[in-house]
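What follows is a set of notes on a single structure, which appears directly below.
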């Protein structure tokens, strides 16, 4: 038994997972409805810092109008809803800030079934909670992950083992997490926010 | 993050290694999953086979092939299909005896789709609620999504160590270990069903009065009272009567139905068993030739 105990070392895996969680949490925001109390109401979802100059992506069902966002450094900013696509369940928010910790965006078409993915969000009021799972199936319009989500994860990042965002968590269907692929989100940003 | 990345790559590679040997089985309204176990032979979960005719399988590269039901065993929830023209690779089989509680495992469904979890418990040989002998208890902490029953349990290297099913125990995800799949498959291919020993008796436990135990020198405090005797069954032919109390079989004491079942496993059909019964307050010995369980249509 002692041989088994010494051979077992979760160290590198543990610290890698912690580093991944920290990287993602920096680029994840809370989304709150405007106007309820001082800093707005309780978080209704999450969002991803897409560009350091203030662009944040979330789900359309999370941002139904102007909202406030809470950054990972605690700042509460009001956000303008600049684009919304209900069909793709995507929304773009702009906050008046620069130098935000933008997420690294991955290529969702390169995902392999079975690879590790993690989600960060605000499930059940927990702030920037991490859940881990596997890619269950990949489609052009949706990524399914064998991963436990809860309301409050919506709009938050689904990321691969390198911490690159490959999707925005949108729904729970039959116990599976369903995310909008990052390539779909890129297309949305390109189409909606042409300079 | 290198450690995480290499784990992630290993898991995705495990899926890619196992996926070509998976088929979708169309034998009910919604497909289930099957494993190409030996060339031309597919195994799936018996409870997902609702029709015995016009069964087809779809391979991982999208081909649809006709399948014939070679046999089914509700006891172990296994059904075996013969599929002509199946050229896909067969499953690369791992050693289910090497599984440990806590091992990371994958369940695969046709598609491929995947579910991730751990071995949550292991146990010795057990008997399912429908009388099947399963060589090892393998309990899973993972989700079996719709259509996953009949699919492979895959270890972290992509080798198949069992067949997943939600049909063997209520609310519990289990895998039938590979050793059981191979054993039952042999029997199904040979004769289309799994033989189980049969006495033709209905019995229930009864407490034995202490004076009787002392008088007859019986070790246990319970026996099994015979409440039904199948006409012309093995026990009836041996002379067992309604009201006899069975206290021993094959020289060993019996106190519950599991003790009896232990004498009726695979390969016992045709064997002679000495039954020790209490009849009218005295010991009596009877020779029963174990018969074969009549098959129920499912």
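Protein chains in written order, with this note's numbering: chain A, 112 to 306; chain B, 562 to 859. Don't be surprised by glycine CBs; every beta carbon is placed ideally from N, CA and C. Please read all numbers here as calculations on a predicted model, not as lab measurements.
Nearest to residue i (by Cα), restricted to the options the options
i             : options                       : result
residue 185/A : 170/A, 196/A, 139/A and 200/A : 139/A
residue 124/A : 273/A, 289/A and 295/A        : 273/A
residue 866/B : 567/B, 593/B, 566/B and 602/B : No answer is possible for residue 866/B: it lies beyond the span of chain B, which begins at 562 and ends at 859.
residue 811/B : 833/B, 746/B, 762/B and 805/B : 833/B
residue 191/A : 237/A, 207/A and 200/A        : 207/A
residue 180/A : 126/A, 252/A, 145/A and 223/A : 145/A
residue 743/B : 587/B, 619/B and 641/B        : 641/B
residue 275/A : 159/A, 286/A, 303/A and 238/A : 159/A
residue 699/B : 562/B, 820/B, 846/B and 665/B : 665/B
residue 578/B : 785/B, 687/B and 652/B        : 652/B
residue 627/B : 633/B, 786/B, 643/B and 727/B : 643/B
residue 298/A : 267/A, 175/A and 200/A        : 200/A
residue 647/B : 623/B, 639/B and 654/B        : 623/B
residue 251/A : 154/A, 289/A and 241/A        : 289/A
Cβ-based burial, residue i [other Cβ within 10 Å; buried from 16]
i             : result
residue 769/B : buried
residue 625/B : exposed
residue 856/B : exposed
residue 202/A : buried
residue 733/B : exposed
residue 776/B : exposed
residue 731/B : exposed
residue 600/B : exposed
residue 729/B : buried
residue 295/A : buried
residue 859/B : At residue 859/B, the pLDDT of 44 sits below 50, so the modelled position is not reliable and the matter cannot be decided from this model.
residue 662/B : exposed
residue 707/B : exposed
residue 156/A : buried
residue 848/B : exposed
residue 846/B : exposed
residue 608/B : buried
residue 587/B : buried
residue 771/B : exposed
residue 793/B : exposed
residue 620/B : buried
residue 284/A : exposed
Distance, residue j Cα to residue i Cα
i             : j             : result
residue 570/B : residue 219/A : 15 Å
residue 681/B : residue 211/A : 43 Å
residue 827/B : residue 133/A : 56 Å
residue 260/A : residue 135/A : 16 Å
residue 802/B : residue 751/B : 36 Å
residue 149/A : residue 264/A : Its pLDDT being 49, under 50, residue 149/A is placed unreliably in this model, and the coordinates cannot settle the point.
residue 920/B : residue 764/B : With chain B running from 562 to 859 in the structure shown, residue 920/B is simply not present.
residue 795/B : residue 762/B : 9 Å
residue 169/A : residue 683/B : 43 Å
residue 227/A : residue 657/B : 24 Å
residue 805/B : residue 778/B : 17 Å
residue 173/A : residue 195/A : 10 Å
residue 837/B : residue 791/B : 19 Å
residue 84/A  : residue 122/A : This structure does not reach residue 84/A, given that chain A is present from 112 up to 306, and the question cannot be answered.
residue 843/B : residue 635/B : 40 Å
residue 696/B : residue 234/A : 41 Å
residue 737/B : residue 304/A : 54 Å
residue 572/B : residue 221/A : 15 Å
residue 568/B : residue 719/B : 13 Å
residue 687/B : residue 237/A : 42 Å
residue 594/B : residue 248/A : 15 Å
residue 291/A : residue 282/A : 9 Å
residue 629/B : residue 614/B : 7 Å
residue 691/B : residue 130/A : 49 Å
residue 113/A : residue 205/A : Below a pLDDT of 50, predicted positions are generally treated as unreliable, and residue 113/A, at 40, falls in that range; the measurement from the model is reported next regardless. Their Cα atoms are separated by approximately 56 Å.
Inter-residue CB distance, residue i and residue j (contact presumed, cutoff 8 Å)
i             : j             : result
residue 606/B : residue 710/B : 4 Å
residue 143/A : residue 183/A : That pair is no contact at about 14 Å.
residue 171/A : residue 197/A : 5 Å
residue 756/B : residue 853/B : 5 Å
residue 673/B : residue 580/B : 4 Å
residue 225/A : residue 246/A : 6 Å
residue 716/B : residue 679/B : Rounded, the Cβ-Cβ distance is 11 Å, inconsistent with contact.
residue 213/A : residue 161/A : 6 Å
residue 631/B : residue 784/B : With 8 Å as the limit, residue 631/B and residue 784/B do not qualify as a contact, their Cβ atoms being about 41 Å apart.
residue 589/B : residue 611/B : 4 Å
Residue i and residue j closer than 9 Å at C-beta
i             : j             : result
residue 851/B : residue 825/B : yes
residue 808/B : residue 781/B : yes
residue 713/B : residue 616/B : no
residue 660/B : residue 576/B : no
residue 300/A : residue 166/A : yes
residue 574/B : residue 637/B : no
residue 243/A : residue 253/A : no
residue 745/B : residue 257/A : no
residue 821/B : residue 724/B : no
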